[in-house]
Amino acid sequence: MELPVAMNGSALEVFHRTPGCITVAVSAWPPLVDVRPVPFTGSHVSIFRLVMERLKWCYYLLPTPDQQWGDKLNGTWTGMVGMLDRKEADLALGPLGVTLLRTEVVDYAAAYMNSDNNFLYKAITKIQPDMFIFTKPFIDQVFDNILI
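This is the structure:
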């Protein structure tokens with residue numbers, strides 16, 4: 001089956017289900033994926049459009065009804081993973097984390113973005129011996145509650 005293309009031979013983004021076009025599940029996660037306003041925006045959407053332009057594929061971006069990425073609840077998948085599992089979508093676009101449970105129903109493409117979450121703290125300029133240093137992160141109310 002040949003995918004529909006625009007008159008100029010490039011990729012074609014359609015705004016409703018169209019036979020021959022791939023359906024892509026999306027869930028809002030600004031600034032990576034922003035589903036308001038239409039047409040959708042965000043860095044992941046821009047990268048996806050560039051890939052589709054190169055492939056000259058027709059595609060339809062479909063927001064998830066529950067705006068979830070995908071969890072297994074009572075044996076049923078929610079969100080984008082659920083849409084893939086129920087064959088309501090061909091691809092999912094967004095910052096989906098790789099989990100062992102999700103690999104039961106989906107495959108992952110190679111990562112094009114990595115994100116690390118870190119804690120920040122004030123730089124230590126001089127270490128002074130302190131027998132009670134382990135108490136420093138806590139405010140006095142914590143100790144008051146422990147003693148009560």
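Take 1 as the starting number for the sequence shown in our numbering and just add one per residue.
No residue lacks a Cβ here, since even glycine has one placed at the ideal position from N, Cα and C.
Computed from a predicted model, the values in this text were never measured in an experiment.
With DSSP collapsed to three states, give me the class of residue i.
i    : result
L84  : helix
I22  : strand
D34  : strand
T103 : helix
L73  : strand
M1   : Low confidence applies here, because M1 scores a pLDDT of 47, under 50, leaving its location unreliable; read the following figure in that light. It is coil, neither helix nor strand.
Is the distance from the Cβ of residue i to the Cβ of residue j below 9 Å?
i   : j    : result
L62 : V24  : yes
V26 : V45  : yes
E13 : R49  : yes
I47 : Y112 : yes
I22 : D90  : yes
G20 : C58  : yes
I think residue i touches residue j, with their Cβ atoms under 8 Å apart; what is that distance to the nearest whole Å?
i    : j   : result
V142 : L93 : Actually they do not touch by this definition, with Cβ atoms about 43 Å apart.
W77  : V98 : Not really, about 15 Å apart at Cβ, beyond 8 Å.
T103 : M80 : So it is not a contact: roughly 14 Å between Cβ atoms.
Let's see if you can read the secondary structure: which residues bound the alpha helix (DSSP H) around residue i?
i    : result
I53  : Checking the sequence, you will find Glu at residue 53 rather than Ile. Unbroken alpha helix (DSSP H) run through E53: S43 to L55.
L91  : Taken as a continuous stretch (DSSP letters only), L91 belongs to no alpha helix (DSSP H), being part of the beta strand (DSSP E) at L91 to L93.
F134 : Premise fails: F134 is in no alpha helix (DSSP H) and is neither H nor E.
F40  : Note, F40: premise wrong, no alpha helix (DSSP H); not H, not E.
I146 : D140 to L147
Residue range of the beta strand (DSSP E) that residue i falls in?
i   : result
V14 : L12 to V14
L62 : C58 to P63
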